[in-house]
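Okay, so here's the structure we're looking at.
Residue numbers (the UniProt record's numbering): 1 to 432.
Written as structure tokens, this is what we have:
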């Protein structure tokens, strides 16, 4: 962009050049560049049947829906509700690169904090631990536990230090095997690597560690930050995991969050098995009733009492350190229920689907008289006016439930399938 054009875009006249500080002008230009850096508006251009170009406002929404549709493909597959996951973050010198904002390290740690919270929201019966790769070694930050706040507190750039040295995939796999092989067989053993380097500095043959992971039913998945590495692809293929390489910050978040829902159960884990669990009672939180809690015997005012051995634990879910009983609460089971019976994905509305649904909706109670619209179509979730199917240049996707035949906007579709886990139309009409 030329200097004159930049001055025009920033609202600066020629006569005011002497009145504006050069540093202020530079800061405004940098802010302007950051604002429009990722606005790739050419991706929204589409060509119609007559060869004319038009802007498709729904292209980004369609791309986002691919994640929902891919997750729905395994909706009726048996899931691993109890997971033991070790998250390994690459803090080698490759994490100090500036290709992500603010840098790779800051971007990765921020997304890891979001992933930890999303993981425990999707998997309340599971446990997660964190380790880091740096200087050719692997350091365990946290033990496997069910506390998201304890995990997030350790993912601080100031406490972790600066990236240094090389990354070692073999040491990460060996740590995962040593921590996960002793866990109960009914739980899913998973190792998730956030890998930023382009090479691995290992003390031996990394394929031997891959075989150890496979023998202990440990599923290894890798999220790459730089570029695809052959050894990462080999590890994931041999252990039944997934491998993806991020294109930008948004794609990295999408790849990492894809590991939040429970994965499909393997043939070795698909056999039915009853798991004995206990529902402990919460003791009073008064300071005068403080007792020694947990294996470390910490003095805490509040705790949970194991119904089998009467030992006290600080949080739920957890495994009793005395008798080994899995301790949970009833809300944990309730929050896992939607994985068993997920909401079927909505279909993008079309003229054919609208005509087929008109006969069904004619026999159902409607709110058309209460919702004032110019198009006659509205979202059943938020009652916002939506475009009719087949209209060129529509601003929002319109989707339709296959059971209740109601129309939903893109935002309500994402809310129903990601947070609510119940179709409002089916619940209202009693079809669910």
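Idealized CB from N, CA, C, for every residue including glycine.
DSSP, read as helix, strand or coil, puts residue 148 in helix. Contact annotation: the stretch 183 to 199 touches the stretch 220 to 238, with at least three C-beta pairs closer than 8 Å. Going by C-alpha positions, residue 231 is about 22 Å away from residue 254. In chain order, 386, 407, 408, 409, 412 place their CB closer than 7 Å to the CB of residue 379, counting only its own chain and leaving out the 5 sequence neighbours on each side. Non-local beta-carbon contacts of residue 242 in its own chain, meaning distances under 7 Å to residues more than five positions away in sequence, involve 221, 236 in chain order. Taking residue 316 as the centre and dropping the five residues before and after it, the same chain places the C-beta of 146, 280, 304, 327, 328, 329, 332 closer than 8 Å to its C-beta, in chain order.
The Cβ-Cβ distance between residue 137 and residue 168 falls below 8 Å. Rounded to whole angstroms, residue 129 and residue 249 show a C-alpha spacing of 24 Å.
About 5 Å separates the CB atoms of residue 245 and residue 228; that is less than 8 Å, so the two are in contact.
Collapsing the DSSP output to three states places residue 275 in coil. Counting C-beta atoms within 10 angstroms of its own C-beta, residue 123 has 16 or more neighbours from the protein chains shown and is therefore classed as buried. Residue environment for residue 149: exposed (fewer than 16 other C-beta atoms within 10 angstroms of its C-beta). In the three-state scheme derived from DSSP, where H, G and I count as helix and E and B as strand, residue 177 is classed as helix. Under the 10 Å beta carbon count, residue 126 is surrounded by 16 or more other beta carbons and is classified as buried. Judged by their CB atoms, residue 95 and residue 163 are nearer to each other than the 8 Å cut-off. Just measuring C-alpha positions, the residue of 310, 292, 349, 174 sitting nearest residue 131 is 174. Exposure of residue 203 is indicated by the presence of fewer than 16 other C-beta atoms within 10 angstroms of its C-beta.
Rounded to whole angstroms, the gap between the alpha carbons of residue 401 and residue 258 is 24 Å.
When the beta-carbon positions are compared, residue 198 and residue 91 stay at least 8 Å from each other. Burial state of residue 176 is buried, judged by a 10 Å Cβ sphere holding 16 or more other Cβ atoms. Excluding residues up to 5 positions away in sequence, 408, 412, 424 lie with their Cβ nearer than 6 Å to the Cβ of residue 381 in the same chain.
Where residue 119 is concerned, the enclosing alpha helix (DSSP H) starts and stops at 104 to 122. For the stretch 212 to 251, the full-length alpha helix (DSSP H) segments reaching 4 residues or more read 230 to 239 along the chain. Measuring C-alpha to C-alpha distances from residue 88 to each of 142, 81, 121, 80 identifies 142 as the nearest. If you draw a 10 Å sphere on the C-beta of residue 171, you find 16 or more other C-beta atoms in it, and that means buried. Contact annotation, residue 107 with residue 113: C-beta distance approximately 11 Å; criterion of less than 8 Å not satisfied. For residue 414, the uninterrupted alpha helix (DSSP H) run begins and ends at 410 to 415, by DSSP.
Taking the CA atoms as reference points, residue 302 sits about 24 Å from residue 116. When secondary structure is reduced to three states using DSSP, residue 337 falls in the helix class. Counting along the chain, residue 190 sits inside the beta strand (DSSP E) bounded by residues 188 to 195. Straight-line spacing of the CA atoms in residue 217 and residue 189 works out to 7 Å. Within the DSSP secondary-structure output, residue 305 pairs in a beta bridge with 281, 312.
Note that the C-beta distance between residue 166 and residue 201 is below 8 Å. A direct Cα-to-Cα measurement between residue 312 and residue 276 gives close to 18 Å. For residue 129, the uninterrupted beta strand (DSSP E) segment begins and ends at 127 to 134.
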